[in-house]
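These notes are about the structure you will find just below.
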Amino acid sequence: MTGAFLTTLLFSLSVIFANRSIAALGPMRANLGRLTLAVLVLGSFAHTLGNGLHGAGLTWFLLSGVIGMGLGDLALYGALPRLGSRLSLLMTQCLAAPIAALAEWLWLDVALTPAQLLAGLIILAGVALALAPKKTDLTKNKNLPPSSAPSSPSRIVPTITALGLTFGLLSAAGQGLGAVMSRKANLAAALAGEPTGGIALGITAAYQRILAGFVITAAWFLLQHLLTSRTPAVTAVGQRARTRSDAPPRTWRSYAWIPFNAFSGPILGVSCYQWALATTASGIVLPIVACTPLVIIPFSYWLEGERPTPRSILGALLAVAGVIALSQF
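Take 836 as the starting number for the sequence shown in this note's numbering and just add one per residue.
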């Protein structure tokens, strides 16, 4: 359980730092920068003290990285400017748990009890309560792109949109399915007689996952660069690109958020996450990690000035109550 609790704290800090780096550098540069640093740091360890790119679970870890660290993280970085860090993480973590539980049931034959299904419904109810925008908010914001929010590096004001909710759902699916594939990788390693527990092996697994995610992110970054170089006035997702006059200047302070984001997220956070998944079922790990929204609320208010509404707090508490119940059944 220690790995899961450490993951919760580290992921909370990571999303705050990610929001800062996005505001300063843009989502693609911020994500690619943190993954590049993570590959270098984790690879240095894995190829000297770990298994490098070897092991019976390598293929599954790579697939887990493509889905979770690659496609899932791209979706999360699409959700962050549109939902804010607290709501993005609330949706991703709380929905990932039932998605993973369903996938384990269909694929690994891990059946859910009626009590577990009820806990999953409580989670979804809490997420819906916290995220459902008011009708006036939809009317006010439906024509406002995320780029219309204040561009200060220190603060991103969330604008809830249908596109943001879609990105949040894809991010949750990526994390849930990626976790199940990591469990499959650990099962393959155990069947081959390889050790699966311990933080050292968690770091090697994190390296294998993140390397695959890095390839996906780098390929998307290159594709986006090629598209925007041909049509510089419009970004690859159809939003107006900021001109040089309204874009925040990039200084060494802008890039300083990348190491904080990398170490709290893909380096230490994912290593603890893989450590937890190596010893505990994803149906237990993900509910614990889903408590991250409670941890992030004070950080989000302190660093971003994002004041939670009573409904958001009530929804978060309901969702966390659901994931706690899920972990007990």
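Just so you know, even glycine gets a beta-carbon here, dropped at the ideal spot from N, CA and C.
Spell out a yes or no on whether the region 1155–1162 and the region 942–960 are touching, meaning 3 or more CB-CB pairs, one atom from each, closer than 8 Å. These segments touch.
Compare the C-alpha of ALA859 against each of THR1114, LEU918 and ASN1096 and name the closest. Distances from the alpha-carbon of ALA859 to those of THR1114, LEU918 and ASN1096 put ASN1096 closest.
I'd like to check one pair, VAL1120 with ALA839: are the Cβ atoms closer than 9 Å? Taking 9 Å as the Cβ cut-off, ALA839 and VAL1120 qualify as a contacting pair.
Rounded to the nearest angstrom, what separates GLN1010 and ASN866 at their Cα positions? Roughly 16 Å between the two C-alpha positions.
For GLU1141, three-class secondary structure by DSSP: It is coil, neither helix nor strand.
Just the C-alpha distance for ARG1077 and PRO1030, rounded to the nearest angstrom, thanks. Here ARG1077 scores only 44 on pLDDT, less than 50, and its place in the model should not be relied on; the value that follows carries that caveat. A direct Cα-to-Cα measurement between ARG1077 and PRO1030 gives close to 50 Å.
On the three-pair Cβ rule with 8 Å, is the region 908–915 touching the region 848–859? Yes, since at least three Cβ pairs between the region 908–915 and the region 848–859 fall closer than 8 Å, the two stretches touch.
ALA858 in three-state terms, based on DSSP: In the structure shown, ALA858 sits in a helix (DSSP, three-state: H, G or I).
CA-CA distance, LEU1152 and HIS882? LEU1152 and HIS882 have their C-alpha atoms roughly 42 Å apart.
Please confirm whether GLY861 and THR1052 have their CB atoms less than 9 Å apart. No; because the gap between Cβ atoms is not below 9 Å, this pair is not in contact.
What number of angstroms, rounded off, separates the C-alpha of GLY919 from the C-alpha of ILE1148? Answer to the nearest angstrom: the Cα atoms are 15 Å apart.
Helix, strand or coil for PRO1101 per DSSP? Correct three-state label for PRO1101: helix.
Could you name each continuous alpha helix (DSSP H) segment of 4 residues or more that falls completely within the region 886–947, going from the start of the chain to the end? You should have 893–899, 908–918 and 920–942.
Taking the alpha-carbon of PRO1145 as reference, which of GLY961, LEU888 and GLY892 has the nearest alpha-carbon? Nearest option by C-alpha distance: GLY961.
LEU841 versus TRP942, SER899 and ILE1034, residue with shortest Cα-Cα distance: When each option's Cα is compared against that of LEU841, the closest is ILE1034.
Figure out for me which residue from TRP1055, LEU964, GLY999 and LEU848 has the closest Cα to the Cα of TRP1092. Closest in C-alpha terms to TRP1092, from the list TRP1055, LEU964, GLY999 and LEU848, comes LEU848.
Have a look at LEU1004, ARG869, ALA1125 and TRP1055 and flag the residue whose alpha-carbon is nearest the alpha-carbon of ALA932. The shortest Cα separation from ALA932 among LEU1004, ARG869, ALA1125 and TRP1055 belongs to ALA1125.
Taking the alpha carbon of ARG864 as the point to measure from, which residue in TYR1090, GLN1109 and LEU898 has its own alpha carbon closest? The shortest Cα separation from ARG864 among TYR1090, GLN1109 and LEU898 belongs to TYR1090.
State buried or exposed for TRP895, treating a residue as buried only when at least 16 other CB atoms are found within 10 Å of its CB. Residue environment for TRP895: buried (at least 16 other C-beta atoms within 10 angstroms of its C-beta).
C-beta atoms of ASN1021 and ALA1040 nearer than 9 Å: Judged by beta-carbon spacing, ALA1040 lies within the 9 Å limit of ASN1021, meaning their Cβ atoms are closer than that value.
Between THR1115, GLU1141 and GLY1013, which lies nearest to GLN928 when the distance is taken from Cα to Cα? Closest in C-alpha terms to GLN928, from the list THR1115, GLU1141 and GLY1013, comes GLY1013.
Could you check which residue in GLY999, THR1001 and LEU1036 has the C-alpha nearest to that of LEU823? No answer is possible for residue 823: it lies beyond the span of the chain, which begins at 836 and ends at 1164.
Alpha carbon to alpha carbon, how far is GLY900 from PHE1134? Each residue's alpha carbon lies about 28 Å from the other.
Roughly how many angstroms separate the alpha carbons of THR1063 and PHE1056, rounded to a whole number? Distance between the alpha carbons of THR1063 and PHE1056: 10 Å.
Along the chain, where does the alpha helix (DSSP H) that runs through TYR1001 open and close? According to the sequence as given, residue 1001 is Thr; it is not Tyr. Where THR1001 is concerned, the enclosing alpha helix (DSSP H) stretches over 997–1026.
Exposed or buried, ASP944, counting other C-beta atoms within 10 Å across all chains shown (16 or more means buried)? Counting the other Cβ atoms within 10 Å of the Cβ of ASP944 gives fewer than 16, which makes it exposed.
Just to confirm, is the Cβ distance from GLU939 to ARG1018 under 9 Å? Against a cut-off of 9 Å, the Cβ pair of ARG1018 and GLU939 comes out as a contact.
Could you tell me if THR837 is buried or exposed, where buried requires 16 or more neighbouring beta carbons within 10 angstroms of its beta carbon? With fewer than 16 other Cβ atoms from the protein chains shown falling within 10 Å of its own Cβ, THR837 counts as exposed.
Which of helix, strand or coil DSSP assigns to CYS1126: It is coil, neither helix nor strand.
Cα-Cα separation between CYS1107 and LEU1129, rounded to whole angstroms: Going by the C-alpha atoms only, they are around 19 Å apart.
Can you give me the Cβ contacts of ILE902 inside the same chain, cut-off strictly under 7 Å, excluding the 5 residues immediately before and after it? In chain order, GLY1009, LEU1012, GLY1013 and MET1016 place their CB closer than 7 Å to the CB of ILE902, counting only its own chain and leaving out the 5 sequence neighbours on each side.
Which residues in the same chain have their Cβ closer than 7 Å to the Cβ of LEU844, if we skip the five residues on either side of it in sequence? Counting only Cβ-Cβ distances below 7 Å, and skipping sequence neighbours, we find VAL1130.
Pull up the distance between the alpha-carbon of LEU998 and that of ALA935, whole angstroms please. Linking LEU998 to ALA935 through their CA atoms gives a straight-line distance of about 23 Å.
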